[in-house]
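My numbering numbers the first residue of the sequence shown as 294 and each following residue consecutively. The C-beta atom is built at its ideal place from N, Cα and C for all residues, glycine as well. Bear in mind that the values here come from a model prediction, so they are computed numbers and not experimental data.
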Amino acid sequence: MSAHIVGHEVISNILGCYAACRRKEPWLPGDLSDRKIREMGQKLLDANCISVNYRYNDTNDEIFELDSEEFHQPCSIAQAIKYCHCLNYQSCEYPQWERSEAKTLLDEMRETFVRHMPGYDEAQWC
Numbered sequence: 294m295s296a297h298i299v300g301h302e303v304i305s306n307i308l309g310c311y312a313a314c315r316r317k318e319p320w321l322p323g324d325l326s327d328r329k330i331r332e333m334g335q336k337l338l339d340a341n342c343i344s345v346n347y348r349y350n351d352t353n354d355e356i357f358e359l360d361s362e363e364f365h366q367p368c369s370i371a372q373a374i375k376y377c378h379c380l381n382y383q384s385c386e387y388p389q390w391e392r393s394e395a396k397t398l399l400d401e402m403r404e405t406f407v408r409h410m411p412g413y414d415e416a417q418w419c
């Protein structure tokens, strides 16, 4: 398996789609200020760098730069889910990944995206 650091535009798209979905769920707790969004992006990028560094015995360290255009005009929910799967795949190399805050955050984002998939609300509940 090869691992790489995903582009900041990918993380910005995930964050933009997540923020758009969360605006439709005002009852959920949590701060989505600009500062919090950037912190979330940095957390995801840090985990990705740790994974690549672990895999290749490297020293990548990046500062997350929110891509404003990608954030404010995010991709589709399906694309955001796919980006989450990619980021998970690129970040899972280090042993602590399964218990990391970044994985918890990414899982929460994917779950939010699923709830907002077209047709989800109309689908039958058991």
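> DSSP state of residue 390, grouped into three classes?
Replying inline: Secondary structure at residue 390: helix, using DSSP grouped into helix, strand and coil.
>> Can you determine whether any heavy atom of the ligand COA sits closer than 7 Å to the C-beta of residue 356, and answer yes or no?
In response: Absence of the ligand COA is noted for the structure shown, with no ligands found whatsoever.
> So, do the stretch 392 to 412 and the stretch 356 to 363 have three or more beta carbon pairs nearer to each other than 8 Å?
Replying inline: Cβ pair count under 8 Å is below three, so no.
>> With distance defined between alpha-carbon atoms, name the residue in 312, 327, 419 nearest to residue 321.
In response: Nearest Cα to residue 321 within the set 312, 327, 419: 312.
> Alpha carbon to alpha carbon, how far is residue 369 from residue 383?
Replying inline: When only Cα atoms are considered, residue 369 and residue 383 end up about 21 Å apart.
>> Under DSSP, the alpha helix (DSSP H) around residue 379 begins and ends at which residues?
In response: Per DSSP, residue 379 belongs to the alpha helix (DSSP H) from 370 to 384.
>> Quick test of the definition: if touching needs 3 or more C-beta pairs under 8 Å, does the stretch 301 to 316 touch the stretch 398 to 406?
In response: The stretch 301 to 316 makes contact with the stretch 398 to 406: 3 or more CB pairs, one atom from each, lie closer than 8 Å.
> First and last residue of the alpha helix (DSSP H) that includes residue 364?
Replying inline: Unbroken alpha helix (DSSP H) run through residue 364: 361 to 365.
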